[in-house]
Ligand SMILES: [Zn+2]
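In the numbering used here, the protein residues as written are 1 to 157.
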């Protein structure tokens, strides 16, 4: 996801912001976990996901970095993730909160720390019911959604 063509604004704010996110869902046996779509990082249940720069050939730095593309990407609208939703059969989407250091663009943020607030499992996924049940480990509301477009209309921003 691109977070916008305009220059990003560096924000170091304690106030969290809420936006849209999609994840890859890992579901085998008794274990259901969210992973980042861009880098595959695990979102651990019960504690914040912390950004870590996975770019090789760059000097180590804290994520997000203005000169890099790292950080947890959060969109201001679900629309920004449309491409990723259309290509993957293992996608879960929802709202997440980010806090700590972050960069703000026109379309979203790149942030240091995040946690999901509400999760939607597409009804088209195999095992949608079992995945929704497994995602309860995150301790946030989980719903089965008919289609992302439908939810986008139904959930107030
Ligand atoms: Zn980086």
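Every residue gets a Cβ at the ideal spot worked out from N, C-alpha and C, and that includes glycine.
Quick check on residue i: buried or exposed, where buried means 16 or more other Cβ atoms within 10 Å of its Cβ?
{"i": "residue 91", "result": "buried"}
{"i": "residue 157", "result": "For residue 157, the pLDDT reaches just 43, beneath the cut-off of 50, and the residue's location in the model is therefore unreliable, although a value from the coordinates is still provided. Exposed, by the Cβ-count rule."}
{"i": "residue 73", "result": "buried"}
{"i": "residue 110", "result": "buried"}
{"i": "residue 57", "result": "exposed"}
{"i": "residue 190", "result": "Since the first residue shown for the chain is 1 and the last is 157, residue 190 is missing from the structure and cannot be characterised."}
{"i": "residue 19", "result": "buried"}
{"i": "residue 60", "result": "exposed"}
Taking DSSP as the reference, what is the three-state secondary structure of residue i?
{"i": "residue 37", "result": "coil"}
{"i": "residue 18", "result": "strand"}
Grab the span of the alpha helix (DSSP H) containing residue i for me, first residue to last.
{"i": "residue 130", "result": "128-134"}
By the DSSP assignment, the beta strand (DSSP E) with residue i in it spans what residues?
{"i": "residue 170", "result": "No information on residue 170 is available, as it lies outside the stretch 1 to 157 that the chain covers here."}
{"i": "residue 140", "result": "Unbroken run through residue 140: none, as it is neither H nor E."}
{"i": "residue 94", "result": "91-104"}
Judging by CA-CA distance, which residue of the options is the nearest neighbour of residue i?
{"i": "residue 62", "options": "56, 93, 101", "result": "101"}
{"i": "residue 80", "options": "70, 95, 66", "result": "95"}
{"i": "residue 70", "options": "136, 121, 53", "result": "53"}
{"i": "residue 23", "options": "16, 83, 66", "result": "83"}
In chain order, what are the residue ranges of uninterrupted beta strand (DSSP E) at least 3 long that sit wholly in the segment 51-85?
Qualifying beta strand (DSSP E) stretches, in chain order: 72-75.
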